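Q: One structure follows; several queries about it will come next.
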Amino acid sequence: MVAADDPVLTADDLGLTRGDGVFDATRVVTAEDGTSHIDNLSAHLSRFARSIAGVNGAAPDLEAWTALIDELVTAWRRPGEAVLKVMYTNGPETRRVHSATGEQTSNFTGRTDAAQNQRDAGTARDDAQNPPGETGDHPNGAVAQTGPVTQLATIAPLPDHAIAERAGISVITACRGFTSDAFAGAPWLLGGVKTLSYAVNVATYRHAAAHGADDVIFTSSDGFLLEGPTSGLLVEKDGRLWTTPTGATGILRSITVEQVLEAADARDIPTSSRLMRPEELLEAQGVWLASSGRGAVPVLRVDGHELATDEQLTEQMRYWCGFAEAPAKSG
Numbered sequence: 001m002v003a004a005d006d007p008v009l010t011a012d013d014l015g016l017t018r019g020d021g022v023f024d025a026t027r028v029v030t031a032e033d034g035t036s037h038i039d040n041l042s043a044h045l046s047r048f049a050r051s052i053a054g055v056n057g058a059a060p061d062l063e064a065w066t067a068l069i070d071e072l073v074t075a076w077r078r079p080g081e082a083v084l085k086v087m088y089t090n091g092p093e094t095r096r097v098h099s100a101t102g103e104q105t106s107n108f109t110g111r112t113d114a115a116q117n118q119r120d121a122g123t124a125r126d127d128a129q130n131p132p133g134e135t136g137d138h139p140n141g142a143v144a145q146t147g148p149v150t151q152l153a154t155i156a157p158l159p160d161h162a163i164a165e166r167a168g169i170s171v172i173t174a175c176r177g178f179t180s181d182a183f184a185g186a187p188w189l190l191g192g193v194k195t196l197s198y199a200v201n202v203a204t205y206r207h208a209a210a211h212g213a214d215d216v217i218f219t220s221s222d223g224f225l226l227e228g229p230t231s232g233l234l235v236e237k238d239g240r241l242w243t244t245p246t247g248a249t250g251i252l253r254s255i256t257v258e259q260v261l262e263a264a265d266a267r268d269i270p271t272s273s274r275l276m277r278p279e280e281l282l283e284a285q286g287v288w289l290a291s292s293g294r295g296a297v298p299v300l301r302v303d304g305h306e307l308a309t310d311e312q313l314t315e316q317m318r319y320w321c322g323f324a325e326a327p328a329k330s331g
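Read in order, the letters of the sequence shown correspond to residues 1 to 331 in full-length UniProt numbering.
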């Protein structure tokens, strides 16, 4: 474990120079006595593993990742909410060994740095560079990468704005620039992979702020709703909770959305996924953007139009996601 300002990447790391890497993130809640709870860690590590496979990385050692995270979170004793991020890149460009056959041509030894973290934000690192994985069949129809990779985890306080926005947000719609089925049969587009290449997402937030909005709902070029830059979409309409389908749309499987839908199913609230048009938001009984940092956040306005809100369902969603106590029973 190292301090947050200690160097952990080489200058030519592919995650830095080309965005060739993936990450995942979840919330950590730390009590006054310094003990912490990590939200849905197993689900986030499973999605992280799928993302690594999406960039042709070898299957990660999830037990080692869990141990690394435990070490990091144990050292983090700042009360309140924090964000835990796990990151993977395909390593330094100049040290990577490529082979037309996918055969490993060099050996590397992994090690873990350990040092007491004395800062408010810390970084844990599998310094290198795990040994290369096995080659062979891969989900993207290619061999797994060989050579050193970079893997690290960080923890830092949850931004204040994320907490404030739980009360409700104003959003605008923005075209993502591709059709709703653009990712079908095109694994190189990395649909459903949580890549490090978030420049578009960050630029979208700047665009929203410039137009007086808190967030964005992406739309496809053929006019369907997709997701937020860092969140999934939930819509209550016609007595059912809807979300956008994954797969051909390329959107990420939202763990928080799945958590809400599973809880709704268990309470006999109908749920489903389908492609929806932006104008349907104006007819909905409730609209939410759901993420691991904010939970299920009600959308109060879209493109300047006031939306209906379902306060009772919002409270239930917050509880289902672990962001609130159980709502009081009526009657």
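Even glycine gets a Cβ: it sits at the ideal position worked out from N, Cα and C.
Please read all numbers here as calculations on a predicted model, not as lab measurements.
Could you say if the segment 201-212 and the segment 231-246 meet the contact criterion of at least three C-beta pairs nearer than 8 Å?
A: Verdict: no, contact absent.
Q: How many angstroms separate the CA atom of D215 from the CA atom of F224?
A: Along the sequence shown, read from residue 1 onward, the residue named residue 215 stands at position 215. Along the sequence shown, read from residue 1 onward, the residue named residue 224 stands at position 224. Their Cα atoms are separated by approximately 17 Å.
Q: Residue range of the beta strand (DSSP E) that Y198 falls in?
A: Taking the sequence shown and counting its residues from 1, the one referred to as residue 198 is at position 198. Note, Y198: premise wrong, no beta strand (DSSP E); not H, not E.
Q: Say whether the segment 32-39 touches the segment 4-11, bearing in mind that this needs 3 or more beta-carbon pairs closer than 8 Å, one atom from each stretch.
A: Too few Cβ pairs lie closer than 8 Å, so no.
Q: Distance, Cα to Cα, V269 vs R301?
A: Residue numbering aside, residue 269 sits at position 269 when the sequence shown is read from its first letter. Residue numbering aside, residue 301 sits at position 301 when the sequence shown is read from its first letter. Here the sequence assigns Ile to residue 269, which means Val is not the residue at that position. When rounded, the distance between both Cα atoms is 25 Å.
Q: Using 10 angstroms around the beta-carbon of L196, count the other beta-carbons present and answer buried if the total reaches 16, otherwise exposed.
A: Counted from its first residue, the sequence shown places residue 196 at position 196. Buried: at least 16 other Cβ atoms inside 10 Å.
Q: Please work out which residues of its chain come closer than 8 Å, Cβ to Cβ, to K194, disregarding the five sequence neighbours upstream and downstream, and give them in chain order.
A: Indexing the sequence shown from 1 puts residue 194 at position 194. Only V22, F23, D24, R47, F48, S51 and L252 meet the Cβ criterion.
Q: Could you give the residue range of the alpha helix (DSSP H) that holds H161?
A: The sequence position of residue 161 within the sequence shown is 161, counting from 1. Start and end: D160 to A164.
Q: If you follow the beta strand (DSSP E) that M87 is in, where does it begin and where does it stop?
A: Residue 87 sits at position 87 when you count from the first residue of the sequence shown. Taken as a continuous stretch (DSSP letters only), the beta strand (DSSP E) holding M87 covers G80 to T89.
Q: Under 8 Å from any heavy atom of the ligand COA, does the C-beta of E306 make it?
A: In the structure shown, the ligand COA is absent, as is every other ligand, since no ligand is present at all.
Q: Pull up the distance between the alpha-carbon of A164 and that of G147, whole angstroms please.
A: Here residue 164 refers to the residue found at position 164 of the sequence shown. Here residue 147 refers to the residue found at position 147 of the sequence shown. Approximately 43 Å between the Cα atoms of the pair.
Q: List the endpoints of the continuous alpha helix (DSSP H) containing R50.
A: Along the sequence shown, read from residue 1 onward, the residue named residue 50 stands at position 50. Per DSSP, R50 belongs to the alpha helix (DSSP H) from L41 to G54.
Q: For H44, count neighbouring Cβ atoms within 10 angstroms of its own Cβ and tell me buried if that reaches 16, exposed if not.
A: Start at 1 with the first residue of the sequence shown, and residue 44 comes out as number 44. Buried, since its Cβ has 16 or more Cβ neighbours within 10 Å.
Q: Nearest-angstrom Cα distance between P159 and S231?
A: Position 159 of the sequence shown, counted from the start, is the residue given in the question as residue 159. Position 231 of the sequence shown, counted from the start, is the residue given in the question as residue 231. Their Cα atoms are separated by approximately 16 Å.
Q: Leaving out five residues before and five after T271 in sequence, what residues of the same chain have Cβ atoms less than 7 Å from its Cβ?
A: Along the sequence shown, read from residue 1 onward, the residue named residue 271 stands at position 271. These residues qualify, in order along the chain: R240, L241, L261, A264 and D265.
Q: I'd like to check one pair, L14 with P92: are the Cβ atoms closer than 9 Å?
A: Indexing the sequence shown from 1 puts residue 92 at position 92. Indexing the sequence shown from 1 puts residue 14 at position 14. Going by C-beta atoms, P92 is nearer than 9 Å to L14.
Q: Alpha carbons only, please: which of A290, T26 and T94 is nearest the one belonging to M87?
A: The count along the sequence shown starts at 1 and reaches residue 87 at position 87. Among A290, T26 and T94, the Cα nearest to that of M87 belongs to T26.
Q: For the beta strand (DSSP E) that A35 lies in, which residues bound it at each end?
A: Numbered from its first residue, the sequence shown carries residue 35 at position 35. Note that residue 35 is Thr in the sequence shown, not Ala. That residue, T35, is in no beta strand (DSSP E); it is neither H nor E in DSSP.
Q: Round the Cβ separation of P187 and R78 to the nearest angstrom and send it over; I've been treating them as touching at under 8 Å.
A: As a position in the sequence shown, residue 187 is number 187, starting the count at 1. As a position in the sequence shown, residue 78 is number 78, starting the count at 1. Not confirmed; about 40 Å, so no contact.
Q: Within this structure, are the beta carbons of G192 and G228 separated by less than 9 Å?
A: Your numbering for residue 192 matches position 192 in the sequence shown. Your numbering for residue 228 matches position 228 in the sequence shown. No. Outside cutoff.
Q: Leaving aside the five residues before and after L226 along the sequence, list all residues of the same chain whose C-beta is less than 7 Å from its C-beta, in chain order.
A: Along the sequence shown, read from residue 1 onward, the residue named residue 226 stands at position 226. Cβ within range, chain order: R176, F218, T219, S220, T244, T249 and I251.
Q: Cα separation between L190 and P298?
A: Mapped onto the sequence shown, residue 190 falls at position 190. Mapped onto the sequence shown, residue 298 falls at position 298. Their Cα atoms are separated by approximately 29 Å.
Q: For W242, which residues does DSSP report across the bridge?
A: Within the sequence shown, residue 242 is the residue found at index 242, counting from 1. Partner(s): V235 and S272.
Q: With DSSP as the reference, identify every bridge partner of S291, one or two as the case may be.
A: Numbered from its first residue, the sequence shown carries residue 291 at position 291. G295.
Q: Go ahead and label R318 buried or exposed: buried means 16 or more other beta carbons lie within 10 angstroms of its beta carbon, across all protein chains shown.
A: Counted from its first residue, the sequence shown places residue 318 at position 318. Label assigned to R318: buried.
Q: Could you pull out every residue in the same chain whose Cβ sits closer than 6 Å to the Cβ of F323, ignoring the five residues on either side in sequence?
A: Here residue 323 refers to the residue found at position 323 when the sequence shown is read from its first residue. Cβ within range, chain order: G295.
Q: Assign E93 to one of three DSSP states: helix, strand, or coil.
A: Here the question's residue 93 lines up with position 93 in the sequence shown. The answer is coil: DSSP assigns E93 none of H, G, I, E or B.
Q: Can you tell me the Cβ-Cβ gap for I155 and L72, rounded? I've got them flagged as a contact below 8 Å.
A: In the sequence shown, counting from the first residue as 1, residue 155 sits at position 155. In the sequence shown, counting from the first residue as 1, residue 72 sits at position 72. Yes, I155 and L72 are in contact; Cβ-Cβ is about 6 Å, under 8 Å.
Q: Can you tell me where the beta strand (DSSP E) with A75 in it begins and where it stops?
A: Position 75 of the sequence shown, counting from 1, holds the residue named residue 75. Premise fails: A75 lies in the alpha helix (DSSP H), L62 to A75, not in any beta strand (DSSP E).
Q: Helix, strand or coil for L226 per DSSP?
A: Position 226 of the sequence shown, counted from the first residue, corresponds to residue 226. Coil at L226, not helix or strand.
Q: Can you tell which of C321, G293 and T314 has the C-alpha that lies nearest to the C-alpha of V235?
A: For the purposes of this step, residue 235 is taken as the residue at position 235 of the sequence shown. Of the candidates C321, G293 and T314, the one whose C-alpha sits nearest the C-alpha of V235 is T314.
Q: Give me, in chain order, the residues of the same chain whose beta-carbon lies closer than 6 Å to that of A162; leave out the 5 immediate sequence neighbours on both sides.
A: The residue given as residue 162 occupies position 162 in the sequence shown. Same-chain partners within the cutoff: G293 and R294.
Q: If you measure from the beta carbon of I255 to each beta carbon in chain D, is any gap under 9 Å?
A: Included in the structure is just one protein chain, with no chain D present.
Q: I'd like the list of long-range same chain contacts for T94, defined as Cβ closer than 7 Å, with 5 residues on each side in sequence excluded.
A: Locating residue 94 in the sequence shown gives position 94, counting from the first residue. Counting only Cβ-Cβ distances below 7 Å, and skipping sequence neighbours, we find D12.
Q: Name the one or two DSSP bridge partners that G286 has.
A: Against the sequence shown, residue 286 aligns to sequence position 286. Partner(s): E236.
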